[in-house]
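A short write-up of the structure that comes next.
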RNA sequence: GAGAUGCUAGCUCAGUCGGUAGAGCAACUGCCUUUUAAGCAGUGGGUCCCGGGUUCGAGUCCCGGGCGUCUCACCA
């Protein structure tokens with residue numbers, strides 16, 4: 001609400017604000033020494049039938065419900081961990097504070113000193129002796145009511161919820177819980193990695209070449225050096241430089257930026273963990289993924305499974321393993337392995353096979369694009385329980401090592417859960433000459449019109465020439481992992497402030 | 001980027017055939033000193049997303065725009 005065109009409620013709140021000031025109180029005091037959270041009060045004073053009545057406990061929180069009755073009344077205050085009821089009347093409070101108490105609004109933040117007691121109905125409450133206004137609410141918050149677990153007038157407008165996430169957090173307790181859980185998951189991931197002696201590092205987010213993945217970068221400019229810079233699309237090539245530098249177990253858990261579409265599964269900035277381990281390969285990464293997910297399940301749900309939508313997902317290891325071409329054959333009957341004797345398998349034959357099973361590939365130009373389209377259409381949606389899809393085509397994996405004696409297939413896997421790719425891992429290519437050749441192939445594909453390829457990075461080739469130990473590497477999309485554990489259907493529900501187009505003021 | 005769909009009071013939503021704006025909660029006033037979706041009585045509150053058009057008259061019909069959501073496409 002603008003100050004030029006105030007609503008009725010806005011004007012009333014300003015009047016209340018002035019009234020508090022007239023009583024000689026500061027409606028926005030500098031500090032308040034909160035002694036207990038509402039949860040601690042309940043644990044300390046209400047866990048037994050006998051309640052110490054004579055003590056004064058001091059807490060603070062935001063009012064989200066009030067029930068005045070003549071000169072007395074109840075308010076419910078909420079803090080980060082819970083709620084507690086506060087009772088007051090004209091005898092428990094000084095006359096000034098009683099005046100303030102009667103005029104409290106839903107949304108006000110108050111401090112309370114009061115005696116613990118139970119009401120007739122048994123609810124844990126505080127009989128207020130002192131009330132302090134800590135922050136006067138001016139713009140009203142949505143009022144959500146609840147009875148018998150049923151929620152009335154839920155604050156549900158998604159746009160407002162995302163744009164004013166603070167309201168969402170105040171009013172929707174499940175939102176608050178999910179973001180606390182996100183933090184816990186990330187802490188547990190770090191615990192897991194650190195315990196296994198992986199070193200957490202921070203590599204550049206601003207890079208002069210945006211490589212390491214095939215995606216459109218955000219572009220910016222450094223004034224003093226007068227050079228273009230890109231927000232990283234992946235930390236991969238820097239982390240592998242660390243392998244060259246003798247760091248044997250390393251990870252980075254932080255933001256990547258991709259200048260691409262926004263959807264329920266994509267936000268332009270998203271969180272990724274990349275892991276590299278020297279003297280290991282993709283199979284070691286597979287074991288790491290299994291261990292990590294079942295560790296998280298134990299820590300978060302206490303079981304080795306998690307409920308997502310209508311599915312109960314068992315994260316118990318070992319997970320299933322299926323080869324990329326194998327599972328395509330399983331689901332569609334098409335055996336693309338039989339085409340691989342050729343150096344250049346026929347696009348036309350792949351296309352006619354795709355048409356037979358009703359997959360539209362009219363816009364695609366290469367054999368592997370056609371195969372991948374079939375995979376996305378006919379395989380991906382059915383990968384509900386955890387499965388490792390292995391043996392990816394080299395054509396789409398320019399940083400991965402070939403399977404020995406196979407020119408088309410690399411040592412790579414992607415873990416899938418609930419039809420979603422949860423990560424990507426491979427045996428890291430450490431042959432500088434082969435890597436250079438692969439980069440050049442990418443450059444050729446770009447010249448041929450591919451708009452997303454992995455950029456050549458000559459300095460990285462130079463690093464490989466110093467020698468990188470054989471290594472396994474892994475990337476895990478943290479937002480999607482959190483979605484799994486919080487049963488969220490949109491990535492916006494696990495990112496506090498998802499990107500929205502700014503709303504212009506008139 | 002394409003298609004579908006939505007935008008009305010602080011929140012959740014009605015609004016018929018085009019006739020000048022409604023409910024519940026919230027707010028305000030009065031009553032009410034253990035309530036809990038508190039209750040009872042009364043009152044106020046609107047840029048109907050924005051801009052055009054048609055019409056005597058538009059929340060409603062038409063055109064353009066904005067923002068969101070869903071699905072698809074790209075991607076993790």
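Numbering (our numbering), first residue to last: 1 to 506. Using N, Cα and C, we set each Cβ at its ideal position, and we do this for glycine too.
- In this structure, residue 188 sits away from residue 254, with a CB-CB distance that is not shorter than 8 Å.
- Following the DSSP letters along the chain, one finds residue 411 inside the beta strand (DSSP E) bounded by residues 409-417.
- The beta carbon of residue 87 sits closer than 6 Å to those of 74, 125, 127, all from its chain and outside the five residues before and after it, given in chain order.
- For residue 426, the enclosing beta strand (DSSP E) stretches over residues 423-427.
- Judged by DSSP secondary structure, residue 332 falls within the alpha helix (DSSP H) whose first and last residues are 324-332.
- Under the 8 Å Cβ criterion, the region 244-251 counts as touching the region 274-288, having at least three qualifying pairs.
- In the three-state reduction of the DSSP assignment, residue 379 falls in the helix class, which pools H, G and I.
- As a beta-bridge residue in DSSP terms, residue 59 pairs with 112.
- Between the region 79-86 and the region 16-23, the count of C-beta pairs closer than 8 Å stays below three; the two stretches do not touch.
- Annotation: the continuous beta strand (DSSP E) that includes residue 391 extends over 387-393.
- DSSP places residue 271 within a strand segment (E or B) once states are collapsed to three.
- CA-CA distance, residue 121 to residue 99, rounds to 27 Å.
- Distances from the CA of residue 242 to each of 494, 343, 204 were compared; the closest alpha carbon is that of 204.
- Between the region 361-374 and the region 326-345, the count of Cβ pairs shorter than 8 Å is three or higher; the stretches touch.
- Only residues of its own chain outside the window of five on either side were considered, and among them 209, 211, 237 have a CB closer than 6 Å to the CB of residue 457, listed in chain order.
- Sequence-distant Cβ neighbours of residue 332 in its own chain, meaning closer than 7 Å and more than five residues away, are 357, 374, 378.
- Taking 8 Å as the cut-off, the beta carbon of residue 473 is found closer than this to the beta carbon of residue 426.
- With contact defined as three or more Cβ pairs closer than 8 Å, the region 459-466 and the region 427-441 are in contact.
- Counting only runs of 4 or more residues that sit fully inside the region 140-168, the alpha helix (DSSP H) segments are 158-163, in chain order.
- Three or more Cβ pairs closer than 8 Å define a contact, and the region 257-273 falls short of that threshold against the region 439-447.
- Residue pairing of residue 256 in beta bridges, as defined by DSSP: 270.
- Around residue 214, the same chain offers 452, 453, 454 as residues with beta carbons nearer than 6 Å, after the five sequence neighbours per side are excluded.
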